[in-house]
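Here the protein sequences come in this chain order: A and B.
Using the numbering used here, you'd call the opening residue of the first sequence number 1 and step up by one each time.
Using the numbering used here, you'd call the opening residue of the second sequence number 213 and step up by one each time.
Quick reminder that beta carbons are idealized off the backbone N, C-alpha and C, glycines included.
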Amino acid sequence: MNIFRLCGDMSHLAAIIILLLKMWKTRSVAGISGKSQILFATVFTARYLDLFTSFISIYNTCMKVFFIGTVYFTIYLIYMKFKATYDSNHDSFRVEFLIVPVGGLAFLVNHEFAPLEIIWTFSIYLESVAILPQLFMISKTGEAETITSHYLFALGSYRALYLCNWIYRYYAEGFFDLIAVVAGVVQTILYCDFFYLYITKVMKGKKISLPA
Amino acid sequence: LSEFLPHDEL
Numbered sequence: 001m002n003i004f005r006l007c008g009d010m011s012h013l014a015a016i017i018i019l020l021l022k023m024w025k026t027r028s029v030a031g032i033s034g035k036s037q038i039l040f041a042t043v044f045t046a047r048y049l050d051l052f053t054s055f056i057s058i059y060n061t062c063m064k065v066f067f068i069g070t071v072y073f074t075i076y077l078i079y080m081k082f083k084a085t086y087d088s089n090h091d092s093f094r095v096e097f098l099i100v101p102v103g104g105l106a107f108l109v110n111h112e113f114a115p116l117e118i119i120w121t122f123s124i125y126l127e128s129v130a131i132l133p134q135l136f137m138i139s140k141t142g143e144a145e146t147i148t149s150h151y152l153f154a155l156g157s158y159r160a161l162y163l164c165n166w167i168y169r170y171y172a173e174g175f176f177d178l179i180a181v182v183a184g185v186v187q188t189i190l191y192c193d194f195f196y197l198y199i200t201k202v203m204k205g206k207k208i209s210l211p212a
Numbered sequence: 213l214s215e216f217l218p219h220d221e222l
């Protein structure tokens, strides 16, 4: 554990809590992509199958259980409890265009051709693009509530901080996971446009609204 | 279940 990794995890945790608070306080899931949340649920479920096979630390186990639990609760809020506020018309990204290539890639490019390892690789690749339905939804509606922007900023920062963690671990421990690093770079790049809008608008007290 | 490489990150 190093400071970048810890800050990354805390940023990830903050993102999830911000999203839950937004939904709970406003009693609404408007502007939130249910498809992205389903992809994140797939990511966590696939990646944390190792809860059953290897124990790393109490911290590690608690975080995994929290991530899995909250993402399914988020899906419950979107598709059941606050279904009336869910904007399905604008959540029209075709997720099969992500799942199929990512699944194929996980089969072809992995550390070891073993079932759990392929599933882990699939989760890493899928996570890198799982935010696309959410970003697509914002580009379609042309706006994002400020609280949704905070959520996305925290979620994007998490992987960017992991990149710092991997640079640190490479020099400090000789640790290098090419699959995680490449996927992490892709994931962070996808947020760059959003980061720019966040810094130039949200931080100055304005809401994100794109020209029609 | 096959041998699983340790992935210590989240």
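Quick check on DSSP: helix, strand or coil for A/E96?
Along the first sequence, one-based indexing puts residue 96 of chain A at 96. DSSP places A/E96 in helix when its eight states are reduced to three.
Endpoints, alpha helix (DSSP H) assigned at A/L77:
What you label residue 77 of chain A is simply residue 77 of the first sequence in a count that begins at 1. Careful: A/L77 lies outside any alpha helix (DSSP H) and carries neither H nor E.
Going by DSSP in three states, A/V209 sits in which element: helix, strand or coil?
Taking the first residue of the first sequence as position 1, residue 209 of chain A is located at position 209. The question names Val, yet the displayed sequence has Ser at residue 209 of chain A. A/S209 falls in the strand class under three-state DSSP.
Neighbour flag for A/M10 against chain B, beta carbons, 8 Å:
Walking along the first sequence from the start, residue 10 of chain A turns up at place 10. No, no contact with chain B.
A/K22, enclosing alpha helix (DSSP H) - first and last residue
For the purposes of this step, residue 22 of chain A is taken as residue 22 along the first sequence, with counting starting at 1. Unbroken alpha helix (DSSP H) run through A/K22: I3 to T26.
Relative to the C-alpha of A/I131, which candidate in A/C7, A/I32 and A/N89 has its C-alpha closest?
Against the first sequence, residue 131 of chain A aligns to sequence position 131. Looking at the Cα atoms, A/I32 is the closest of the given residues.
Consider the Cβ of A/I56: report whether some Cβ of chain B lies at a distance smaller than 8 Å.
Within the first sequence, the letter at position 56 stands for residue 56 of chain A. Output row for A/I56: interface = yes.
For A/L49, report the span of its alpha helix (DSSP H) as first-last.
On the first sequence, residue 49 of chain A is found 49 positions in, with the first residue counted as 1. Run containing A/L49: none; DSSP gives neither H nor E here.
Buried or exposed by the 16-neighbour rule on C-beta atoms within 10 Å, applied to A/G69
Sequence index remark: in the first sequence, residue 69 of chain A carries index 69 (1-based). Per the 10 Å Cβ criterion, exposed.
Can the beta-carbon of A/L19 be found closer than 8 Å to that of A/Y151?
Here residue 19 of chain A refers to the residue found at position 19 of the first sequence. Here residue 151 of chain A refers to the residue found at position 151 of the first sequence. For A/L19 and A/Y151, yes; Cβs fall inside 8 Å.
What are the boundary residues of the alpha helix (DSSP H) that includes A/Y86?
To locate residue 86 of chain A, count along the first sequence from 1; it is residue 86. Taken as a continuous stretch (DSSP letters only), A/Y86 belongs to no alpha helix (DSSP H), as it is neither H nor E.
A/N2 versus chain B: which residues are under 7 Å apart at the beta carbon?
Numbered from 1 along the first sequence, position 2 holds the residue referred to as residue 2 of chain A. Result: empty, since nearest Cβ-Cβ is about 11 Å, beyond 7 Å.
Between A/G103 and A/F122, is the Cβ-Cβ spacing less than 8 Å?
The residue labelled residue 103 of chain A in the question sits at position 103 within the first sequence. The residue labelled residue 122 of chain A in the question sits at position 122 within the first sequence. Yes, these two residues count as a Cβ contact at 8 Å.
Where the alpha helix (DSSP H) containing A/V186 begins and where it ends
Within the first sequence, residue 186 of chain A is the residue found at index 186, counting from 1. Run containing A/V186: L178 to T200, per the alpha helix (DSSP H) assignment.
Is A/E127 helix, strand or coil by DSSP?
Counted from its first residue, the first sequence places residue 127 of chain A at position 127. Correct three-state label for A/E127: helix.
Do you know how far the Cα of A/V181 is from the Cα of B/L213?
By one-based count along the second sequence, residue 213 of chain B stands at place 1. By one-based count along the first sequence, residue 181 of chain A stands at place 181. Annotation note: pLDDT 35 at B/L213 (below 50); position unreliable, no value reported.
Just how far apart, CA to CA, sit A/N60 and A/R5?
To locate residue 60 of chain A, count along the first sequence from 1; it is residue 60. To locate residue 5 of chain A, count along the first sequence from 1; it is residue 5. Looking at the two C-alpha atoms, the distance is approximately 12 Å.
Let's see if you can read the secondary structure: which residues bound the alpha helix (DSSP H) around A/T148?
Here residue 148 of chain A is taken as the residue at index 148 of the first sequence, counted from 1. It spans T146 to E173 - the alpha helix (DSSP H) in which A/T148 sits, taken as one unbroken run.
On the CB-based measure, 16 or more other CB atoms within 10 Å of its CB, does A/K35 come out buried or exposed?
For this step, residue 35 of chain A is matched to residue 35 along the first sequence. Buried, by the Cβ-count rule.
Same chain, Cβ closer than 8 Å to A/A154, five either side skipped, listed in chain order:
By one-based count along the first sequence, residue 154 of chain A stands at place 154. Within the same chain, A/A154 has close Cβ partners S11, H12, A14, A15 and I18.
Report, in whole angstroms, the separation of the C-beta atoms of A/S149 and A/I208, which I expect to be a contact under 8 Å.
Numbered from its first residue, the first sequence carries residue 149 of chain A at position 149. Numbered from its first residue, the first sequence carries residue 208 of chain A at position 208. Between A/I208 and A/S149 the Cβ distance is about 5 Å, and since that is below 8 Å, they are a contact.
Determine, for A/W24, whether the minimum Cβ-Cβ distance to residues of chain B falls below 8 Å.
Locating residue 24 of chain A in the first sequence gives position 24, where the first residue counts as 1. No, because no Cβ of chain B sits closer than 8 Å to the Cβ of A/W24.
Span separating the alpha-carbon of B/P218 from that of A/L135
The residue you call residue 218 of chain B lines up with position 6 of the second sequence. The residue you call residue 135 of chain A lines up with position 135 of the first sequence. So the alpha carbons of these two residues sit roughly 32 Å apart.
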